[in-house]
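The numbering of the sequence shown is my numbering, which starts it at 357 and goes up by one.
Beta carbons: idealized from backbone N, C-alpha and C, even for Gly.
The structure under discussion appears below in the form of structure tokens.
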Amino acid sequence: MTCPLYIGLPMWSNQDWSGTLYPRYAKTDLLSDYAAVFSSVEGNTTFYSGTPKPETIAGWARQAPANFRFCFKLPASVTHDQRLTRLEEAWAFLDALAPLHDRLGPTMVQLPRDFGPDELPQLEALLAAWPAHLACAVEVRHPDFFHKGAAEKALNRLLITYRANRVMLDVRPLFSTPANDHPGLAHAQQEKPKLPLHVLSTANHPVIRFIGHVDKTINVGYFNAWKSRLGLWINQGKTPFLFVHTADNRESPTLARQFYNDLQDTTPLPPLGRFANEKQSQLF
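Right, here's the structure in full:
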């Protein structure tokens, strides 16, 4: 059974969520508790750490329910170090994830900020050989891909041809105010690229990475426009993936649930599970 929309966070392991999303004295392995609430997750750890060990993957396969979706990132060694010029490691990475192939959302290909139009042939080589049974999503960060000119048209044409999704990185809330004295906001603004948002779906699994502000009212204002677009895609038979970040990610679970509840006002969606602290309070 698939969901009309998958929602999740940039990770499942975050001790800041102990006492809210997770029990106050949470166990080390949190995936099963996370998957009891959210239906998907970004796999950022594979971007930095590469292919997980077989026993790690087997453990994830045991804990994740059938309707859960992992959206792992290709290792940076493939996208950044080798710049898609040597693809053997990419195929080995996907092969290693075989125990999870029935629970994979779009695997994300996050490209370097200087990966520009001249390197599109490398991206095409990757997409042309991508396994047909696995979804793919590409995140570009080069400014030329955001000017609505020849470079962006070539990129979008490539993605549509190979049924690859274009990741939409929404950093508008993050950069809506100066960081001032908030260290988490300052760090996030330094880390994330300040790029325009181009809203378009090039395949069947639109991927949105919403990077929120520490001010909740700012986030709600920017998210309101997404509600109609997500509903439109769902009505078209597409399955969007929405990943919600905040500047320091402490409030990501609460913000993601708020967005999901807001979407339920206009789009039929299954309910989310309760946070651990809410389950605990019901016992008393």
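CA-to-CA distance, Arg418 to Pro609, given in whole angstroms
Numbered from its first residue, the sequence shown carries residue 609 at position 253. Numbered from its first residue, the sequence shown carries residue 418 at position 62. Roughly 23 angstroms between the two C-alpha positions.
Measure the beta-carbon distance from Pro468 to Thr435 and round it to whole angstroms, keeping in mind my assumption that it falls under 8 angstroms.
Here residue 468 refers to the residue found at position 112 of the sequence shown. Here residue 435 refers to the residue found at position 79 of the sequence shown. Contact check for Pro468 and Thr435: beta-carbon distance about 7 angstroms, within the 8 angstroms limit, so the pair qualifies.
Which residues bound the beta strand (DSSP E) around Leu365?
The residue labelled residue 365 in the question sits at position 9 within the sequence shown. That run of the beta strand (DSSP E) goes 362 to 365.
Would you mind giving the Cβ-Cβ distance between Pro366 and His601, rounded to the nearest angstrom? I have them listed as a contact below 8 angstroms.
Walking along the sequence shown from the start, residue 366 turns up at place 10. Walking along the sequence shown from the start, residue 601 turns up at place 245. Indeed they touch by this definition, with Cβ atoms about 5 angstroms apart.
Give the secondary structure of Val496 by DSSP, where H, G and I count as helix, E and B as strand, and everything else as coil.
Along the sequence shown, one-based indexing puts residue 496 at 140. Reduced to three states, the DSSP call for Val496 is coil.
Take Val570 and list the residues in its own chain whose beta-carbon comes closer than 8 angstroms to its own, dropping the five residues that flank it on each side.
In the sequence shown, residue 570 corresponds to position 214, counting from 1. Closer than 8 angstroms at Cβ, skipping near neighbours: His538, Gly540, Leu541, Thr602, Ala603, Asp604, Glu607.
Whole angstroms is fine: what's the gap from Glu480's alpha carbon to Leu514's?
Looking up residue 480 in the sequence shown gives position 124. Looking up residue 514 in the sequence shown gives position 158. Roughly 7 angstroms between the two C-alpha positions.
Which residue or residues does DSSP assign as beta-bridge partners of Phe599?
Position 243 of the sequence shown, counted from the first residue, corresponds to residue 599. Beta-bridge annotation (DSSP): Phe599 is paired with Gly364, Arg565.
In the DSSP output, which residue or residues are listed as bridge partners for Lys429?
Mapped onto the sequence shown, residue 429 falls at position 73. DSSP lists Met464 as partners of Lys429.
How many Å lie between Ala442 and Val397 at the Cα?
Position 86 of the sequence shown, counted from the first residue, corresponds to residue 442. Position 41 of the sequence shown, counted from the first residue, corresponds to residue 397. Looking at the sequence shown, residue 442 is not Ala but Arg. Looking at the two C-alpha atoms, the distance is approximately 27 angstroms.
Can you name, in chain order, every residue of its own chain whose Cβ lies under 8 angstroms from the Cβ of Asn560, other than the five neighbours on each side?
Position 204 of the sequence shown holds residue 560. Excluding its 5 nearest sequence neighbours in each direction, Asn560 has C-beta neighbours in its own chain below 8 angstroms: Ala491, Arg519, Asn521, Gly593, Lys594, Thr595, listed in chain order.
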